[in-house]
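Each step along the sequence shown adds one to the number in the numbering used here, with nothing skipped, and position 23 is 98.
A virtual CB, placed ideally from N, CA and C, is assigned to each residue, including glycine.
Each remark here refers to the structure printed beneath this line.
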Amino acid sequence: AAVSPAQRHHFPPAVQARHHDHGRLMRIEFVARSEQFFLLCWYFLFKTVLSGSCYVQGMEQKERMTSR
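The structure is reproduced here in structure tokens:
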């Protein structure tokens, strides 16, 4: 049986499975980390927007007070 170059490059099933498992674990870890990062970003964004809108409202109120 002639072995094609593609077949020669393939790892044995056991090695492949182990590698796949490792990859899946790494991916899960990465996703968990990026999820935390994502939540943190959202939290800061939310806080910034909130403080920003409060600031803008305060400025508008000041302007209203002075324009009277």
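- In this structure, the CA atom of residue 120 is about 15 Å from the CA atom of residue 130.
- Between residue 107 and residue 141, the alpha-carbon positions lie close to 51 Å from each other.
- By the criterion of a C-beta distance shorter than 6 Å, residue 100 is surrounded by no residue of its chain, once the five residues flanking it on both sides are discounted.
- When only Cα atoms are considered, residue 139 and residue 123 end up about 24 Å apart.
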